[in-house]
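Novice: One structure, pasted below without further comment.
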Amino acid sequence: MNSSIQPAGQSADQTFGPLPVGDDIARALHRMGYSQPTPIQEQAIPPLRNGLDVMGQAQTGTGKTAGFGVPIVEMIDLRARRVQAIVLVPTRELCLQVAEELSRLGSFASVRVVAVHGGVGFGRQLDALRQGAQIVVGTPGRVEDLMARGNLRLDGVRFAVLDEADRMLDVGFLPAIERILGRTPSTRQTALFSATIPDEVRRLASRHMHEPVTIAIESKKPTVEAIDQRFEDVRDGDKLKALIAHLDDPSCFLALVFRRTTYKADRLAHDLSKRGYKVAALHGRRTQPQREKVLADLKSAKLHALIATDIAARGLDIGGLTHVFNFDLPDTPETYVHRIGRTGRAGEAGTAITLIGPEDAEGLSTLKKYLARREAGDQRGSGIQEGRGKPRRSSQISDRSRSGSFQPSRPNRNRNRRQRPSQPLQARSA
Ligand code: AMP
10 MNSSIQPAGQ
20 SADQTFGPLP
30 VGDDIARALH
40 RMGYSQPTPI
50 QEQAIPPLRN
60 GLDVMGQAQT
70 GTGKTAGFGV
80 PIVEMIDLRA
90 RRVQAIVLVP
100 TRELCLQVAE
110 ELSRLGSFAS
120 VRVVAVHGGV
130 GFGRQLDALR
140 QGAQIVVGTP
150 GRVEDLMARG
160 NLRLDGVRFA
170 VLDEADRMLD
180 VGFLPAIERI
190 LGRTPSTRQT
200 ALFSATIPDE
210 VRRLASRHMH
220 EPVTIAIESK
230 KPTVEAIDQR
240 FEDVRDGDKL
250 KALIAHLDDP
260 SCFLALVFRR
270 TTYKADRLAH
280 DLSKRGYKVA
290 ALHGRRTQPQ
300 REKVLADLKS
310 AKLHALIATD
320 IAARGLDIGG
330 LTHVFNFDLP
340 DTPETYVHRI
350 GRTGRAGEAG
360 TAITLIGPED
370 AEGLSTLKKY
380 LARREAGDQR
390 GSGIQEGRGK
400 PRRSSQISDR
410 SRSGSFQPSR
420 PNRNRNRRQR
430 PSQPLQARSA
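Numbering (this note's numbering), first residue to last: 10 to 439.
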């Protein structure tokens, strides 16, 4: 670990809520519209500034990027044209989002941030690295490729971040992460953020972090707070009609529609486009330039709706999303929660509408039970898992029983009833 870090070349004459910040950061925060720190920022920034390692349990949407971004930007030696901080992320989209946020935070200090991810050629990333990157945000595969080619050196790294660590481990990045961290100085400071802290993440932390300060941020639970959830029965074959009726509602300004497969996402996008709706499909078969174009079109409100598969939508933070539609039920109840959590961000209102066809009855029943258990857990104050216990296992949406109307606050009296064993989310065709 580094010893205590002072904001480089900045007088701490401004404030970010209770936190003093230097002039450059204060101006950046002002321009970004951040007047008060979010809870994770308030809790993570002081220990990180003091050179401590931090392990934070927080989801995307809590403001964790600025939580590590502010201290990183502050500690960059602006005169040194070498990589001083590395942020590892699981997906290309998150890579671009994090790099953009760090660039904005570092814009007045002229900190050089480079995003490196797969799915595109090396050319532009190499040019950017050669111009002297100080912070690199990357997916582990591309970071390793660039190191192997001799284009990226990490021996000057003073700060490493593992962002969405649980997802990185889910997709098999553990060996790459270990190798990358092994190429950074052991004196570096390390921050790890993860929505859940399963044993694998804990073990990773114990191998690479030094007595981390642990922070758990209870994210606003999307199923019970800001989001208006509706389950709508539709007759066989009528889902398209139902979706169109919602898209025509003026309150539906920007929508994310989930489908389970690439083929179905494409087909729905085609059906809607044919009827004059401005939509695009996002799935694993899109090239990186296509994905970037779709996301840019979304941000500039050129699109009314994005039709996505679960994997393609991972890590996406689309501001201003008013509606999430589950055209198909997801594989697991946990995925439902992830999906609907895309709307209602940062305290905004959001609507999640799940279209229920005849084929969805049993999946819906399992989902309702899960939501009821989750709600009962919240009421007992156990919304976020802490401690060393194993993470709760997920159940597939495939239960046989049926139930009546949606009542999320029903306490769980069925604890001992047989549950199907957990299954990870199947990465089918995304
Ligand atoms: P993150 O969890 O870092 O992906 O941030 C989630 C969203 O919250 C992003 O759209 C940020 O722009 C926004 N955000 C982060 N910090 C703040 C803040 N202090 N005030 C207002 N918005 C914020």
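By construction, the Cβ of each residue, glycine as well, lies at the ideal position given by its N, Cα and C atoms.
Would you be able to state if there are at least three C-beta pairs under 8 Å between the stretch 42–55 and the stretch 127–135?
Specialist: The stretch 127–135 is not in contact with the stretch 42–55.
Novice: Considering only DSSP beta bridges, list what His217 is partnered with.
Specialist: As a first step, residue 217 is located in the sequence shown; it is residue number 208 there, counting from the start. Per DSSP, none; premise fails for His217.
Novice: What first and last residue would you give for the beta strand (DSSP E) that runs through Ala361?
Specialist: Taking the first residue of the sequence shown as 1, we reach residue 361 at position 352. Taken as a continuous stretch (DSSP letters only), the beta strand (DSSP E) holding Ala361 covers Gly359 to Ile365.
Novice: Whose C-alpha, out of Val303, Ile95 and Gly328, is nearest the C-alpha of Ile81?
Specialist: Translated into positions along the sequence shown, residue 81 becomes position 72. Residue Ile95 is the option with its Cα nearest to Ile81.
Novice: State the Cα-Cα distance for the pair Pro29 and Lys377, rounded to the nearest angstrom.
Specialist: To locate residue 29, count along the sequence shown from 1; it is residue 20. To locate residue 377, count along the sequence shown from 1; it is residue 368. Each residue's Cα considered, the two are about 45 Å apart.
Novice: For Gly115 versus Ile144, is the C-beta distance shorter than 9 Å?
Specialist: Along the sequence shown, one-based indexing puts residue 115 at 106. Along the sequence shown, one-based indexing puts residue 144 at 135. Yes.
Novice: When the Cβ atoms of the stretch 146–159 are set against those of the stretch 67–80, are three or more pairs found closer than 8 Å?
Specialist: Cβ pair count under 8 Å is below three, so no.
Novice: Would you kindly check if the distance between the Cβ of Arg294 and the Cβ of Thr331 is under 9 Å?
Specialist: Residue numbering aside, residue 331 sits at position 322 when the sequence shown is read from its first letter. Residue numbering aside, residue 294 sits at position 285 when the sequence shown is read from its first letter. Taking 9 Å as the Cβ cut-off, Thr331 and Arg294 do not qualify as a contacting pair.
Novice: Please state whether DSSP places Arg300 in a helix, a strand or coil.
Specialist: Stepping through the sequence shown from its first residue, residue 300 is reached at position 291. Helix at Arg300.
Novice: Less than 8 Å between the CB of Ser44 and some heavy atom of the ligand AMP, yes or no?
Specialist: Numbered from its first residue, the sequence shown carries residue 44 at position 35. Yes - the ligand AMP has a heavy atom lying nearer than 8 Å to the Cβ of Ser44.
Novice: Along the alpha helix (DSSP H) that carries Val96, what are the first and last residues, could you check?
Specialist: Your numbering for residue 96 matches position 87 in the sequence shown. Premise fails: Val96 lies in the beta strand (DSSP E), Ala94 to Leu97, not in any alpha helix (DSSP H).
Novice: Classify Gly396 as helix, strand or coil using the three-state DSSP reduction.
Specialist: Counting from one through the sequence shown, the residue named residue 396 turns up at place 387. Confidence at Gly396 is low in this model, with a pLDDT of 29, below 50, so the placement of that residue should be treated as unreliable; the coordinate-derived value is given next. Looking at Gly396 - three-state DSSP - the assignment turns out to be coil, as it is neither helix nor strand.
Novice: If the criterion is Cβ atoms closer than 9 Å, does the pair Val346 and Ala314 meet it?
Specialist: Numbered from 1 along the sequence shown, position 337 holds the residue referred to as residue 346. Numbered from 1 along the sequence shown, position 305 holds the residue referred to as residue 314. Not a contact, by the Cβ cut-off of 9 Å.
Novice: If Glu220 and Asp62 are in contact, beta carbons under 8 Å, what's the gap, nearest whole angstrom?
Specialist: Along the sequence shown, one-based indexing puts residue 220 at 211. Along the sequence shown, one-based indexing puts residue 62 at 53. About 7 Å separates the two Cβ atoms, so the contact holds.
Novice: Is Met41 near the ligand AMP, with its Cβ less than 8 Å from a heavy atom?
Specialist: Counting from 1 along the sequence shown, the entry for residue 41 is found at position 32. Flag set: Cβ of Met41 near the ligand AMP.
Novice: In whole angstroms, what separates the C-alpha of Gly350 from that of Asp245?
Specialist: Numbered from its first residue, the sequence shown carries residue 350 at position 341. Numbered from its first residue, the sequence shown carries residue 245 at position 236. Their backbone Cα atoms lie some 27 Å apart in a straight line.
Novice: For a test of the three-state rule: what should DSSP assign to Asp242, helix, strand or coil?
Specialist: Walking along the sequence shown from the start, residue 242 turns up at place 233. Here Asp242 sits in strand by DSSP.
Novice: In chain order, what are the residue ranges of uninterrupted beta strand (DSSP E) at least 3 long that sit wholly in the stretch 256–282?
Specialist: DSSP runs (the beta strand (DSSP E)) wholly in the stretch 256–282: 264–267.
Novice: Along the chain, where does the beta strand (DSSP E) that runs through His126 open and close?
Specialist: On the sequence shown, residue 126 is found 117 positions in, with the first residue counted as 1. Segment: none, His126 is in no beta strand (DSSP E) and carries neither H nor E.
Novice: Count Cβ pairs between the stretch 86–93 and the stretch 137–154 that sit closer than 8 Å; are there 3 or more?
Specialist: Short answer: they touch.
Novice: Looking at the unbroken alpha helix (DSSP H) that takes in Gly78, where does it start and where does it end?
Specialist: If you number the sequence shown from 1, residue 78 lands on position 69. Start and end: Lys73 to Met84.
Novice: Taking just the CA atoms, how far does Glu153 sit from Ala254?
Specialist: As a working note, residue 254 is residue 245 in the sequence shown. As a working note, residue 153 is residue 144 in the sequence shown. Roughly 48 Å between the two C-alpha positions.
Novice: Classify His332 as helix, strand or coil using the three-state DSSP reduction.
Specialist: Locating residue 332 in the sequence shown gives position 323, counting from the first residue. Strand at His332.
Novice: Let me check understanding here. Comparing Cα to Cα, which of Ala174, Val170 and Phe182 lies closest to Thr193?
Specialist: The count along the sequence shown starts at 1 and reaches residue 193 at position 184. Ranking the options by Cα distance to Thr193, first place goes to Val170.
Novice: Would you check whether the ligand AMP has a heavy atom nearer than 8 Å to the C-beta of Lys73?
Specialist: Residue 73 sits at position 64 when you count from the first residue of the sequence shown. True, at least one ligand heavy atom lies under 8 Å from that Cβ.
Novice: Beta-carbon within less than 8 Å of Glu102's beta-carbon, same chain only, minus the 5 sequence neighbours each way: which residues are those?
Specialist: One-based indexing of the sequence shown puts residue 102 at position 93. Same-chain partners within the cutoff: Arg300, Leu304, Arg323, Gly324 and Leu325.
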